[in-house]
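For the sequence shown, my numbering assigns the number 20 to the initial residue and increments by one for each residue that follows.
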Amino acid sequence: VVTNGTEADYEQLKDVFNAHGVEYSQFEGLPYDENDATITQFITYVRCVN
């Protein structure tokens, strides 16, 4: 998830993962600058094959 917001921006994604039993790791936020704006990229890893 790439956003100029906060962790609240990926809460809906976590809700969908949890509702469907999708395993995922903790989200990590990586800040960077894009066009003079601070953007955060939130990354998680999802288990695709069980």
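Ideal Cβ positions, reconstructed from N, Cα and C, are used throughout, including at glycine.
Rounded C-alpha distance that separates residue i from residue j
i, j, result
"E26", "Y51", "15 Å"
"F46", "F61", "6 Å"
"T57", "F36", "27 Å"
"E30", "G24", "12 Å"
Residues of its chain near residue i, where Cβ-Cβ distance is below 6 Å and the 5 sequence neighbours each way are ignored
i, result
"S44", "T63, Y64"
"K33", "none"
Local conformation of residue i per DSSP, three classes
i, result
"D55", "coil"
"Q31", "helix"
7 Å Cβ shell around residue i - same chain, five flanking residues per side excluded
i, result
"V21", "I58, Q60"
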